[in-house]
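A quick write-up on the structure given underneath.
Numbering (the working numbering), first residue to last: 1 to 306.
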């Protein structure tokens, strides 16, 4: 078995025509790339656009009869509880995207614990459903921060979708397996659902969504999700509500940030229509129900990260 191919054939029922669709529910000004231009002290004074843009995604999924997992920021849930309730009423799963949308790299273990505990509490209170999944802002669980997995387990989370098995200067865990796998930690075992990648000419490319979806050729994503489907492995797609909002306020930022954050926003909805017409998606809770349920320890394949 290769490092990037963890055998979970006995751990879940393969669904080659169904992948996982996820939404990181945050305001346009929550993007870490804009934190200098939109500091936290200003957030309550900025115009909110998260409800309208998230509703567009809910309508899109409803038109295609598909479901997803919505990783919501606790700050958003506190201010827009009706939005969280609409997501649940539409048949989608709620998971945590932290409270303040701060990178894990900027937190110490106690700060991280307080953040994910508060987020889980408000999301469960507002949604009326258990919250067992987490995604770190900017995929910021990187080598050296594996203590975060132990804290997630101790706080009642059962799966994580923070590892992006690519090499980048600001995030990424390039040595992580690219397929879903169990992480063996001192606090227990945590199901890890990496973001989708595809290997071309020996190089692993990101093919999971977000800014890559707006800037890379659509053919790359079709190839990736077809490949994972043929292998019987659910791929992991993600998008942000602000990525379907080309009319959002623009900040004076550097050229690279401007390109990455604002480039291709008008293309997102048409591309999503194409993706959802071509592939079937569901929530993480439904795709992995057979192994997230109790009594599955004997079927777990685990990898150890230092």
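A virtual CB, placed ideally from N, CA and C, is assigned to each residue, including glycine.
Residues that DSSP places opposite residue i in a beta bridge
{"i": "residue 192", "result": "160, 181"}
{"i": "residue 55", "result": "Paired residues: none, contrary to the question."}
{"i": "residue 200", "result": "203"}
{"i": "residue 19", "result": "281"}
{"i": "residue 95", "result": "71"}
{"i": "residue 133", "result": "159"}
{"i": "residue 25", "result": "72"}
{"i": "residue 209", "result": "238"}
Local Cβ density within 10 Å of residue i, reported as buried at 16 or more and exposed below that
{"i": "residue 266", "result": "exposed"}
{"i": "residue 191", "result": "buried"}
{"i": "residue 46", "result": "exposed"}
{"i": "residue 115", "result": "buried"}
{"i": "residue 203", "result": "exposed"}
{"i": "residue 273", "result": "exposed"}
{"i": "residue 177", "result": "buried"}
{"i": "residue 210", "result": "buried"}
{"i": "residue 7", "result": "Summary for residue 7: the model assigns pLDDT 36, below 50, so the residue's position carries little reliability; its value from the coordinates is reported in the next sentence. Exposed."}
{"i": "residue 19", "result": "buried"}
{"i": "residue 243", "result": "buried"}
{"i": "residue 245", "result": "buried"}
{"i": "residue 65", "result": "exposed"}
{"i": "residue 1", "result": "Unreliable positioning characterises residue 1 in this predicted model, as indicated by a pLDDT of 28, which lies under 50. The coordinate reading is nonetheless provided below. Under this definition residue 1 is an exposed residue."}
{"i": "residue 306", "result": "Low confidence applies to residue 306: its pLDDT is 43, below 50, so where it sits in the model is not reliable enough to give any reading."}
{"i": "residue 36", "result": "exposed"}
Sub-9 Å separation of residue i and residue j beta-carbons
{"i": "residue 136", "j": "residue 148", "result": "yes"}
{"i": "residue 234", "j": "residue 164", "result": "no"}
{"i": "residue 140", "j": "residue 171", "result": "yes"}
{"i": "residue 99", "j": "residue 128", "result": "no"}
{"i": "residue 126", "j": "residue 77", "result": "yes"}
{"i": "residue 25", "j": "residue 50", "result": "yes"}
{"i": "residue 29", "j": "residue 241", "result": "no"}
{"i": "residue 90", "j": "residue 61", "result": "yes"}
{"i": "residue 225", "j": "residue 275", "result": "yes"}
{"i": "residue 261", "j": "residue 57", "result": "no"}
{"i": "residue 86", "j": "residue 48", "result": "no"}
{"i": "residue 283", "j": "residue 92", "result": "yes"}
{"i": "residue 263", "j": "residue 214", "result": "yes"}
{"i": "residue 44", "j": "residue 83", "result": "no"}
Chain-order list of residues whose beta-carbon lies under 6 Å from that of residue i (same chain, five-residue window excluded)
{"i": "residue 161", "result": "135, 193"}
{"i": "residue 21", "result": "68, 237, 281"}
{"i": "residue 195", "result": "164, 208, 236"}
{"i": "residue 27", "result": "50"}
{"i": "residue 228", "result": "235"}
{"i": "residue 286", "result": "none"}
{"i": "residue 138", "result": "32, 103, 171"}
Chain-order list of residues whose beta-carbon lies under 7 Å from that of residue i (same chain, five-residue window excluded)
{"i": "residue 153", "result": "185, 187, 188, 190"}
{"i": "residue 212", "result": "206"}
{"i": "residue 131", "result": "94, 95, 96, 120, 123, 124"}
{"i": "residue 223", "result": "198"}
{"i": "residue 81", "result": "126"}
{"i": "residue 112", "result": "104, 148, 151"}
{"i": "residue 218", "result": "271, 274"}
{"i": "residue 38", "result": "29, 46, 251"}
{"i": "residue 166", "result": "172, 174, 197, 204, 206"}
{"i": "residue 109", "result": "147, 151"}
Own chain, CB closer than 8 Å to residue i, minus 5 neighbours either side, in chain order
{"i": "residue 302", "result": "Below a pLDDT of 50, predicted positions are generally treated as unreliable, and residue 302, at 46, falls in that range; the measurement from the model is reported next regardless. Within the same chain, residue 302 has close Cβ partners 181, 182, 183, 184, 189."}
{"i": "residue 155", "result": "113, 116, 117, 120"}
Contact with chain B by residue i, beta-carbon distance below 9 Å
{"i": "residue 92", "result": "Of the protein chains in the structure, only one exists, and it is not chain B."}
Inset, instruction - Enumerate, from N- to C-terminal direction, the unbroken beta strand (DSSP E) stretches of 3 or more residues contained entirely within the stretch 35-87. - result: 69-72
Inset, instruction - Only counting runs of 3 or more residues, tell me where the beta strand (DSSP E) segments fall wholly within the stretch 214-279, in order along the chain. - result: 236-239
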